[in-house]
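Residue numbers (the working numbering): 439 to 640. Even glycine gets a Cβ: it sits at the ideal position worked out from N, Cα and C. To start, the structure under review is shown below, and the notes come after it.
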Amino acid sequence: MRIPVALSLLAFGLLYSIPTAQAVELWRIGSLDADYGEFALAGRYQDFASTFSQGVAFTIGTSDPARDWPYIHPGPADAWSGNQSHSFKVLFALDRLPETACRLMVALTSTHGGAPPSVAVTVNGRACDTAQLPRGGNDDALTNPKAGKPSRQSFLFPADWLVEGANQIELITTSGSWMLYDAVKLEDGIPNTPDISRIEAV
Numbered sequence: 439m440r441i442p443v444a445l446s447l448l449a450f451g452l453l454y455s456i457p458t459a460q461a462v463e464l465w466r467i468g469s470l471d472a473d474y475g476e477f478a479l480a481g482r483y484q485d486f487a488s489t490f491s492q493g494v495a496f497t498i499g500t501s502d503p504a505r506d507w508p509y510i511h512p513g514p515a516d517a518w519s520g521n522q523s524h525s526f527k528v529l530f531a532l533d534r535l536p537e538t539a540c541r542l543m544v545a546l547t548s549t550h551g552g553a554p555p556s557v558a559v560t561v562n563g564r565a566c567d568t569a570q571l572p573r574g575g576n577d578d579a580l581t582n583p584k585a586g587k588p589s590r591q592s593f594l595f596p597a598d599w600l601v602e603g604a605n606q607i608e609l610i611t612t613s614g615s616w617m618l619y620d621a622v623k624l625e626d627g628i629p630n631t632p633d634i635s636r637i638e639a640v
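Listed below in structure tokens is the structure:
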């Protein structure tokens, strides 16, 4: 039996109740500017299947967003990307473990206007709750970020899900259509609320 695990902030209504002043950025992919111009394939979604047929694996500190992180993350409803789920992995190393809870924040330039995706996140193989993303703008956003409808989705998880040395966070679209990235970042310094203390691994 699966035990409910790490909290999607929007799903639990905690997005605005958790202080952010103490948050410390551990790493970030992209700029928080409601634009995707810094990412691979910007505006060329049709090239995703041929360019990233083996999935996405981005190593913090060595990978280049312009080459290694696509602006678009397709979903199973997208025929042009094979009607399948797609895995985006972030690989990173830590010299020390955080002392507080952590937050993965996914900032989006837009999502599909009719069938936005559901996104599953794992941290070193431990599953966070799957998040259903909100509806975004129309298909013009695929080639023009200004036509998008930005949104953000955050996930909390305990610090002990991380390890000293090599770590991996994986994002998978489990249903629906595409989402367009603005930035992805990991933070620590998140207060250990009672909800965090109740999180258990699968």
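Can you grab the Cα-Cα spacing for the pair residue i / residue j, in whole Å?
{"i": "K527", "j": "Q606", "result": "7 Å"}
{"i": "L580", "j": "D533", "result": "38 Å"}
{"i": "Q484", "j": "L542", "result": "28 Å"}
{"i": "V522", "j": "S488", "result": "Here the sequence assigns Gln to residue 522, which means Val is not the residue at that position. About 14 Å."}
{"i": "C566", "j": "V559", "result": "5 Å"}
{"i": "G552", "j": "G481", "result": "20 Å"}
{"i": "M617", "j": "H511", "result": "5 Å"}
{"i": "Q460", "j": "P536", "result": "13 Å"}
{"i": "I467", "j": "S592", "result": "15 Å"}
{"i": "A517", "j": "F490", "result": "15 Å"}
{"i": "A630", "j": "R564", "result": "It should be noted that the sequence gives Asn, not Ala, for residue 630. Computed Cα separation, rounded: 19 Å."}
{"i": "N562", "j": "I610", "result": "14 Å"}
Looking at C-alpha atoms only, which residue of the options is the closest neighbour of residue i?
{"i": "S525", "options": "A531, L546, E608", "result": "E608"}
{"i": "D473", "options": "G499, Q522, P588, W465", "result": "P588"}
{"i": "D471", "options": "I628, P554, D620", "result": "D620"}
{"i": "L624", "options": "G614, I610, P596", "result": "P596"}
{"i": "I498", "options": "L464, P583, P536, A585", "result": "L464"}
{"i": "A531", "options": "V622, C540, L600", "result": "L600"}
{"i": "Q492", "options": "D502, T500, S519, S501", "result": "S519"}
Could you tell me whether the Cβ atoms of residue i and residue j are closer together than 8 Å?
{"i": "S556", "j": "T538", "result": "no"}
{"i": "V462", "j": "D626", "result": "yes"}
{"i": "F486", "j": "A504", "result": "no"}
{"i": "T547", "j": "P583", "result": "yes"}
{"i": "S613", "j": "P508", "result": "no"}
{"i": "A585", "j": "L529", "result": "no"}
{"i": "R573", "j": "A545", "result": "no"}
In terms of residues, what are the limits of the beta strand (DSSP E) holding residue i?
{"i": "T547", "result": "539-549"}
{"i": "T611", "result": "603-613"}
{"i": "F530", "result": "525-532"}
{"i": "R466", "result": "462-467"}
DSSP three-state label for residue i, please.
{"i": "F477", "result": "coil"}
{"i": "K587", "result": "coil"}
{"i": "Y483", "result": "helix"}
{"i": "L580", "result": "helix"}
{"i": "S488", "result": "helix"}
{"i": "I628", "result": "strand"}
{"i": "A459", "result": "In this prediction, A459 scores a pLDDT of 46, lower than 50, which makes its location untrustworthy; the coordinate-derived value is nonetheless stated afterwards. Residue state, collapsed to three classes: coil."}
{"i": "D620", "result": "strand"}
{"i": "A565", "result": "strand"}
Along the chain, where does the alpha helix (DSSP H) that runs through residue i open and close?
{"i": "R505", "result": "503-506"}
Should residue i be flagged as near chain B, meaning a C-beta pair shorter than 8 Å?
{"i": "A558", "result": "No chain B appears in this structure, which consists of one protein chain only."}
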